[in-house]
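Q: Before we start, here is the structure in question, set down as structure tokens.
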Amino acid sequence: MSKPLKVAIIGAGGIARTHVPGWQASPYTELVAAADPNPEALSEFGRRFGVERLYPDAGEIFADPSIDIVDICTPNRLHAPLVLAALEAGKHVLCEKPLAPTPEEIRSMIAARDRAGKLLMTAQHFRFKASSQAMKREIEAGALGDIYHARAWMLRRNGLIATPTFIRRELSGGGPGIDIGVHILDLTLWLMGNPRPVSVSGVSRTALATHDGAWAVWQDTPIPKDFDVEDFAAAFVRFENGASLILEVSWLLHHDTENEDMQLWLYGTEGGCHWPKCEIYQTNYATRQLYNRSLRLTKDSMEPHAAECVAFAKAVYEGLPSPVPAEQSLQVITILDGIYRSQKEGREILLDSLAPIVPIEVMRAAA
Ligand SMILES: NC(=O)c1ccc[n+]([C@@H]2O[C@H](COP(=O)([O-])OP(=O)(O)OC[C@H]3O[C@@H](n4cnc5c(N)ncnc54)[C@H](O)[C@@H]3O)[C@@H](O)[C@H]2O)c1
């Protein structure tokens, strides 16, 4: 029996492959088409996943009324124009992270989503891991009380993909801040309950990538000279509710890790916690005991990249809210953008994350 929602993927590269099992597993969706200007990538994708309708131009997908959901997996800088076109064509949209590299683009997407009355979700797959979901449930049940401080980092010693998609600002919009900072920051803010950020003091620098002979271990390839993004960033963020956050991210850093060190700590009035260890730290004041407990975890039933597609399909079919609302991605990108501005201006930046949402065409006309 054919499934009720037809899906098309735009950008048939690396990450698109991790979404396919989700569209296949959902009882609601069928992957029917893909678009990519790269003919080899497109035909390889079609062969591997049995997708027959293959287009060099995404416009064919927007023009096809039978397609309900568009899944955007292109380089970051193309997210905004493609999301806007998909929403204007009346499609529901799942878009890879970052939703866009700048707050202005995300504001324009939110306005387009509201005009279209469709769902828009950012593919923040770390939220869909069993460990993240278990931690969220504990926090919502009050295990930490009021969370007043967070420490979060995603540090790679030598972990970057040295292709233009990632290392050229015109395609990526930024370095590890935009690429992986977006993961750890989204997860941290979500677990904190998405308090409103009000200021950021940050640094971002290219300290190692331009070193003579610098290379990227993952592909064993020299880092090209046109690398024009940061390789390290750090920040101190204040929130409207008084909470604070320290963030660190890197693609290259002389840090004691083989691969990647990703962790977050939250500290509240009733307890603290660590992810991904999924431990809770509390105090029994009556017995004067400090105690730790580990959350009982179930195994991930599927890869989180697939699970996010399954969740989006369910939300579309059942008329539920977006599992990762664009407003929360706007908070994340407002902070990351604030780090770049803080580096440039050499001072703390006040964030206007509650500024009214103005369509990008109106802002351009006013500029
Ligand atoms: N969630 C994660 O864990 C994760 C991991 C890697 C990448 N990503 C995100 O996925 C996105 C793509 O990254 P990737 O690693 O798959 O890159 P990639 O370079 O492997 O694939 C991108 C594809 O988009 C295609 N493309 C370029 N312009 C296009 C257009 N106008 N229309 C249609 N297709 C177009 C390219 O030809 C390429 O095949 C990025 O936004 C990245 O941040 C997410």
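Under this note's numbering, the first residue of the sequence shown is numbered 1, with each subsequent residue one higher.
Heads up, the beta-carbon is just placed ideally off N, CA and C, and yes, glycines get one too.
Everything numeric in this text was worked out from a predicted model, so none of it was measured.
Might you give, ordered along the chain, the residues of its own chain that have their beta carbon closer than 7 angstroms to the beta carbon of residue 342, omitting 5 neighbours on each side?
A: 200, 201, 202, 348 and 349
Q: Please indicate yes or no: does the CB of residue 368 lie closer than 7 angstroms to some heavy atom of ligand 1?
A: Nothing about residue 368 can be reported from this structure: the residues present for the chain run from 1 to 367 only.
Q: Measure the beta-carbon distance from residue 196 to residue 126 and round it to whole angstroms, keeping in mind my assumption that it falls under 8 angstroms.
A: Contact doesn't hold; Cβ gap of about 21 angstroms is too wide.
Q: Taking contact to mean 3 or more Cβ pairs, one atom from each stretch, closer than 8 angstroms, check whether the region 329-340 and the region 129-136 are in contact.
A: no
Q: In the DSSP output, which residue or residues are listed as bridge partners for residue 267?
A: 149 and 272
Q: What span of residues does the beta strand (DSSP E) with residue 286 cover, start to end?
A: First-last for residue 286: undefined, no H or E at that position.
Q: Roughly how many angstroms separate the alpha carbons of residue 275 and residue 284, rounded to a whole number?
A: Distance between the alpha carbons of residue 275 and residue 284 is about 22 angstroms.
Q: Can you check whether the CB of residue 153 is closer than 8 angstroms to the CB of residue 249?
A: yes
Q: In the DSSP assignment, what residue or residues form a beta bridge with residue 369?
A: Nothing can be reported for residue 369: it is not among the residues displayed for the chain, which extend from 1 to 367.
Q: Would you grab the beta carbon distance between residue 312 and residue 94 for me? Rounded to a whole angstrom, and I think it's under 8 angstroms.
A: 5 angstroms
Q: In the DSSP output, which residue or residues are listed as bridge partners for residue 92?
A: 69
Q: Helix or strand or just coil, what does DSSP make of residue 77?
A: Here residue 77 sits in helix by DSSP.
Q: Where does the unbroken alpha helix (DSSP H) through residue 338 begin, and where does it stop?
A: Element bounds for residue 338: 326-345.
Q: Taking 8 angstroms as the threshold (C-beta atoms), are residue 167 and residue 101 in contact?
A: no
Q: Work out the CA separation of residue 321 and residue 217 for me, nearest whole Å.
A: 40 angstroms
Q: Would you kindly check if the distance between the Cβ of residue 331 and the Cβ of residue 241 is under 8 angstroms?
A: no
Q: Determine the direct distance from the alpha carbon of residue 90 to that of residue 269, and round the result to whole angstroms.
A: 45 angstroms
Q: Could you tell me the distance, in whole angstroms, from the CA atom of residue 18 to the CA atom of residue 290?
A: 42 angstroms
Q: Once you ignore the five residues that flank residue 351 on each side, which residues in its own chain have a CB closer than 8 angstroms to its CB?
A: 197, 198, 199, 200, 334, 335 and 338
Q: According to the neighbour-count rule (16 or more other Cβ atoms, all chains shown, within 10 Å of its Cβ), is residue 48 buried or exposed?
A: That one is exposed.
Q: Counting only the same chain and skipping the five closest in sequence on each side, list residues whose C-beta sits under 8 angstroms from that of residue 314.
A: 26, 28 and 320
Q: By DSSP, does residue 360 sit in helix, in strand, or in coil?
A: With a pLDDT of only 48 at residue 360, under 50, the local geometry of the prediction cannot be trusted, and the value read off the model is given with reservation. Helix at residue 360.
Q: Taking residue 215 and residue 156 to be in contact with their CB atoms under 8 angstroms, please state how far apart those CB atoms are, rounded to whole angstroms.
A: Actually they are not in contact, since the Cβ atoms of residue 215 and residue 156 sit about 14 angstroms apart, beyond 8 angstroms.
Q: Look at the alpha carbon of residue 77 and the alpha carbon of residue 177, and state the distance between them as a whole number of angstroms.
A: 15 angstroms
Q: Excluding the five sequence neighbours on either side, which residues of its own chain have a C-beta within less than 6 angstroms of the C-beta of residue 308, listed in chain order?
A: Its chain contains 123, 125 and 128 as the residues whose beta carbon lies nearer than 6 angstroms to that of residue 308, once the 5 sequence neighbours on both sides are disregarded; these appear in chain order.
Q: Which ranges does the alpha helix (DSSP H) cover as unbroken runs of at least 4 residues, wholly within the region 113-183, from first to last along the chain?
A: 130-140, 164-167 and 169-172
Q: To which residues of the same chain is residue 106 closer than 7 angstroms at the C-beta, ignoring the five residues directly before and after it?
A: 99, 100, 326, 329, 330 and 333
Q: Tell me whether residue 102 counts as near ligand 1, meaning its Cβ is closer than 7 angstroms to at least one heavy atom of that ligand.
A: Taking the Cβ of residue 102 as the reference point, every heavy atom of ligand 1 lies at 7 angstroms or farther away.
Q: Are the beta-carbon atoms belonging to residue 234 and residue 247 less than 8 angstroms from one another?
A: Contact flag set, yes.
Q: Considering residue 316, what are the terminal residues of the alpha helix (DSSP H) in which it resides?
A: 304-318
Q: Put residue 322 into one of helix, strand or coil per three-state DSSP.
A: coil
Q: In this structure, how does DSSP classify residue 190 when only helix, strand and coil are distinguished?
A: helix
Q: Within its chain, find whatever has a CB closer than 6 angstroms to the CB of residue 160; leave out the 5 residues flanking it on each side and keep chain order.
A: 216 and 251
Q: Counting only the same chain and skipping the five closest in sequence on each side, list residues whose C-beta sits under 6 angstroms from that of residue 222.
A: 215
Q: From residue 34 to residue 42, what does the alpha carbon distance come to, in whole angstroms?
A: 7 angstroms
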